[in-house]
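Engineer: As numbered in this note's numbering, the sequence shown has no gaps in its residue numbers, which increase by one up to the final residue, 206.
Where a beta carbon is used, it is the ideal one built from N, C-alpha and C, also for glycine.
Just so it is clear, the structure is predicted and the values come from calculations on it, not from any experiment.
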Amino acid sequence: MLNINQLSKSFHKQNVLHHLSVQINDGDLIYIHGINGSGKSTLFKIICGILEKDSGEIELSSHAHIGALIENPGFLDHETLHYNLRFLSSLQKNYDQKKIETLCQEFHLDLHSRAAMKNYSLGMRQKAGIIQAIMEDQNLILLDEPTRGLDKEAIETFCKIIIQLHKDGKTIIIASHDFLKELPFNHIYHLEHGTLYEDEIY
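1. List the residues that DSSP assigns as beta-bridge partners of Q27.
2. Where DSSP assigns a beta bridge to K13, which residues make up the other side?
3. Could you tell me whether the Cβ atoms of Q136 and G71 are closer together than 9 Å?
4. What separation, rounded to the nearest whole angstrom, lies between the Cα atoms of S12 and G60?
5. Please work out which residues of its chain come closer than 8 Å, Cβ to Cβ, to S125, disregarding the five sequence neighbours upstream and downstream, and give them in chain order.
6. What's the C-alpha gap between Y193 and I62?
7. Determine the extent of the alpha helix (DSSP H) in which I39 is found, giving its start and end residues.
8. Which residues in the same chain as P188 place their Cβ atom closer than 8 Å to its Cβ, once the five residues preceding and following it in sequence are excluded?
9. In the DSSP assignment, the beta strand (DSSP E) including I178 goes from what residue to what residue?
10. What are the boundary residues of the alpha helix (DSSP H) that includes E196?
11. Hey, would you say the C-beta of I159 is under 8 Å away from at least one heavy atom of the ligand COA?
12. Using CA atoms only, rank isn't needed, just tell me which of I74, F162, H86, G31 is closest to G53.
13. With a threshold of 8 Å, are at least 3 pairs of Cβ atoms found where one atom belongs to the region 16-33 and the other to the region 75-84?
14. Output the boundary residues of the alpha helix (DSSP H) element that contains S93.
15. Decide yes or no for the touch test of the region 95-107 against the region 175-191: beta carbon pairs closer than 8 Å, at least 3 of them.
16. What does a CB cutoff of less than 6 Å around E149 pick up in its chain, not counting 5 residues either side in sequence?
17. Tell me which residues share the same chain as D255 and place their Cβ nearer than 7 Å to its Cβ, disregarding the 5 neighbours each side in the sequence.
18. Would DSSP call S117 helix, strand or coil?
Listed below in structure tokens is the structure:
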């Protein structure tokens, strides 16, 4: 699905990613942890093409369809949730009303609310960010601090959805400070000094 070889990126002469290499296979469920500023978001942005790498190679499978939640989810703040999700899915011409309604119901969001996104709480925006990352049947899903601002019930819903996506064969990479023990990760990495090191799974 994704092969990264000797990836490097620096900002203001400071190395953030340093000859990072990793191979992600179809159906992997991966957890990446690391201190603030370790490069987790930078790695995701480079995979998505938001940032340019300094050197190294990224090979994406021809069938990869990326869905991503990176840092704070961005929306058209003066528009409704429905407008935002419809707009985002229309970019790939893959709008599935029934699926989006189901995801919103699971997260207790009112898809048809007339409230503008600017009035949404952090947790509500985070739920919407998760939904947009998975609503188009994406098969490579990158989630950066996905549980930020979520209450216990929403975290349980998130875990249930991720477990089902994993069963459906999706490739999922979660970067977070919070380790979700409910999720059956098959690889765990820590990002340190710009390089990924694999942890043992107990």
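Structural biologist: According to the structure data:
1. Walking along the sequence shown from the start, residue 27 turns up at place 23. DSSP output for Q27 lists N7 as bridge partner(s).
2. The residue labelled residue 13 in the question sits at position 9 within the sequence shown. By DSSP's assignment, K13 forms a beta bridge with L21.
3. By 1-based counting over the sequence shown, the position of residue 136 is 132. By 1-based counting over the sequence shown, the position of residue 71 is 67. Yes, the pair counts as a contact, with Cβ atoms nearer than the cut-off.
4. Residue numbering aside, residue 12 sits at position 8 when the sequence shown is read from its first letter. Residue numbering aside, residue 60 sits at position 56 when the sequence shown is read from its first letter. Their Cα atoms are separated by approximately 6 Å.
5. Locating residue 125 in the sequence shown gives position 121, counting from the first residue. Contacts found: G153.
6. Here the question's residue 193 lines up with position 189 in the sequence shown. Here the question's residue 62 lines up with position 58 in the sequence shown. Using only the alpha carbons, I get a separation of about 18 Å.
7. For the purposes of this step, residue 39 is identified with residue 35 of the sequence shown, where counting begins at 1. If you look at I39, you'll find it isn't in any alpha helix (DSSP H); DSSP assigns it neither H nor E.
8. Looking up residue 188 in the sequence shown gives position 184. Cβ within range, chain order: L33, I167, H170.
9. Position 174 of the sequence shown, counted from the first residue, corresponds to residue 178. Its beta strand (DSSP E) spans residues 175-179.
10. The residue you call residue 196 lines up with position 192 of the sequence shown. Not the alpha helix (DSSP H): E196 falls in the beta strand (DSSP E), residues 191-196.
11. The ligand content of the structure shown is nil, which means the ligand COA is not present either.
12. The residue given as residue 53 occupies position 49 in the sequence shown. Ranking the options by Cα distance to G53, first place goes to I74.
13. no
14. In the sequence shown, the residue the question calls residue 93 occupies position 89. Here the alpha helix (DSSP H) through S93 covers 85-94.
15. They do not touch, by the three-pair rule.
16. Taking the first residue of the sequence shown as 1, we reach residue 149 at position 145. Once the five neighbours on either side are set aside, the close Cβ partners of E149 are S180.
17. With the chain covering 5 to 206 only, the question about residue 255 has no answer from this structure.
18. Here residue 117 is taken as the residue at index 113 of the sequence shown, counted from 1. Coil, per DSSP.
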